[in-house]
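First residue of the sequence shown: 1097, per my numbering; consecutive thereafter.
In this text, a Cβ means the ideal position worked out from N, Cα and C, and glycines have one as well.
In what follows, a structure is listed as structure tokens, so that the remarks can point back to it.
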Amino acid sequence: MIQTVGVIGAGQMGQGIAQVLACASINVCLVDLAQQALDSALLTTSSSVAKLQEKGKLNSATNPLPFIQTSTDMQLLADCDLVIEAVTEDEMTKRTIFESLNQICRPDAILASNTSSISIGRLAAIVDQPERMIGVHFMNPVPLMPLIEVIEAKQTSTESVAAVQQLAERIEKTAVVVKDRPAFVLNRILLPTINEAIRVVEEGTASAEQVDQIMTLGAGFPMGPLALADMIGLDTCLSILDLMFVELKDSRYLPAPLLREQVVAGRLGKKSGEGFYQYA
Ligand code: CAA
């Protein structure tokens, strides 16, 4: 059984993953290059748990902080049973991390990526025991979203899939196992919707607020596609669409020019304070 989980990257996703694991009393080794990101992840964990408890949305009364160890040194991951990489959506960065994990981790440790679009098969090819590589795609905000999209590459063993399914149960998430295709399932469907919403704004048919109002009130979306794009990060949306366009060679996935313009201008959504909306 998985006892200790390493998480690489203390950003929005890595912090959320560490939080849900620790709330289930699973030991977490959280690693980031920046000490400041680690400190801020612990603060976010405390405030998120307090908010969830206040709203009655957390079943466990466990204080997660004692279960989270942090370090800027990847050697902390040497004895983990599973390591989840949750860094920026850039294949070269992820490749470098898995090359290091191949040296640092035990040969029986499961290696996972929280990538939202990059081929798990290509990442598996980097390590000496490719059968232990798997995709575990958590959704944002991790503490609130019940799904883990589990991606099984051609090389992934049934034991690795079973171990991840068991872990998902322990953290009260539903694992849905799918095949390794560009952008998997969720983003293959979600990103063209977001892209289309951006095109509607770009051509002046409706404002961002109107598009979101139409999709929440008219189609039952919990939040509009443009507010959602801001929450995901416009840079992440752009990288996923770019990858889908290159790999699936279909103009449906060509990113809207306005999306690229926003990213070039540094308007990345919630995390930069401005995207399709302004944030305090
Ligand atoms: N921890 C604790 N609270 C959190 C939180 C977190 N991590 N994130 C948000 N919240 C809080 C907010 O601060 C807000 O609090 P206040 O009410 O105090 O302002 C509250 O949750 C929002 O609560 P609401 O009552 O307004 O809304 P809700 O609880 O009914 O639903 C939601 C919130 C679950 C985010 C809902 O809007 C939703 O489902 N949105 C869609 C999210 C989605 O589609 N996610 C997937 C994105 S795709 C992805 O992640 C994959 C990828 O690769 C791109």
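Take residue i as the anchor and find which of the options has the nearest alpha-carbon.
i            : options                   : result
residue 1327 : 1311, 1098, 1336 and 1365 : 1365
residue 1210 : 1223, 1289, 1194 and 1353 : 1194
residue 1278 : 1350, 1306 and 1342       : 1342
residue 1117 : 1136, 1162, 1257 and 1369 : 1162
residue 1144 : 1237, 1100, 1336 and 1354 : 1237
residue 1204 : 1191, 1189 and 1223       : 1223
residue 1129 : 1113, 1302, 1181 and 1121 : 1181
residue 1183 : 1108, 1122 and 1262       : 1108
residue 1249 : 1115, 1187, 1208 and 1271 : 1208
residue 1273 : 1260, 1285 and 1312       : 1260
Which residues in the same chain have their Cβ closer than 6 Å to the Cβ of residue i, if we skip the five residues on either side of it in sequence?
i            : result
residue 1253 : 1227
residue 1102 : 1125, 1173, 1176 and 1179
residue 1119 : 1156, 1158 and 1160
residue 1369 : 1375
residue 1106 : 1126, 1128, 1133, 1134 and 1137
For my contact list, residue i and residue j are in at a C-beta cut-off of 8 Å; report their separation, rounded to the angstrom.
i            : j            : result
residue 1323 : residue 1373 : 7 Å
residue 1212 : residue 1185 : 6 Å
residue 1266 : residue 1122 : 7 Å
residue 1256 : residue 1206 : 5 Å
residue 1336 : residue 1287 : 5 Å
Which same chain residues, not among the five before or five after residue i, have their C-beta less than 7 Å away from its C-beta?
i            : result
residue 1131 : 1168
residue 1200 : 1170, 1171, 1173 and 1174
residue 1235 : 1241 and 1243
residue 1148 : 1154 and 1239
residue 1269 : 1242, 1243 and 1244
If you drop the 5 nearest sequence neighbours on each side, which residues of the same chain put their C-beta closer than 8 Å to that of residue i?
i            : result
residue 1251 : 1217, 1220, 1221, 1226, 1227 and 1229
residue 1339 : 1213, 1214, 1278 and 1279
residue 1295 : 1352 and 1354
residue 1302 : 1296 and 1310
residue 1307 : 1293, 1296, 1297, 1320, 1321 and 1322
residue 1356 : 1334
residue 1275 : 1247 and 1248
Taking residue i as part of the beta strand (DSSP E), name the residues at either end of that continuous run.
i            : result
residue 1127 : 1123-1127
residue 1179 : 1178-1181
residue 1231 : 1229-1234
residue 1104 : 1100-1104
residue 1196 : No beta strand (DSSP E) contains residue 1196, which is instead part of the alpha helix (DSSP H) from 1187-1200.
residue 1208 : 1206-1209
Could you give the first and the last residue of the continuous alpha helix (DSSP H) run that contains residue i?
i            : result
residue 1354 : 1353-1360
residue 1336 : 1330-1344
residue 1114 : 1108-1119
residue 1220 : 1216-1220
With a threshold of 8 Å between beta-carbons, can residue i be considered close to chain D, or not?
i            : result
residue 1213 : This model lacks chain D altogether, as it is built from one protein chain only.
(message) Quick check on the DSSP output: what are the complete beta strand (DSSP E) runs of length 3 or more inside the stretch 1242-1326, in order along the chain?
(response) 1243-1248 and 1270-1275
(message) Which complete beta strand (DSSP E) runs does the stretch 1141-1184 hold, if anything under 3 residues is left out?
(response) 1164-1167 and 1178-1181
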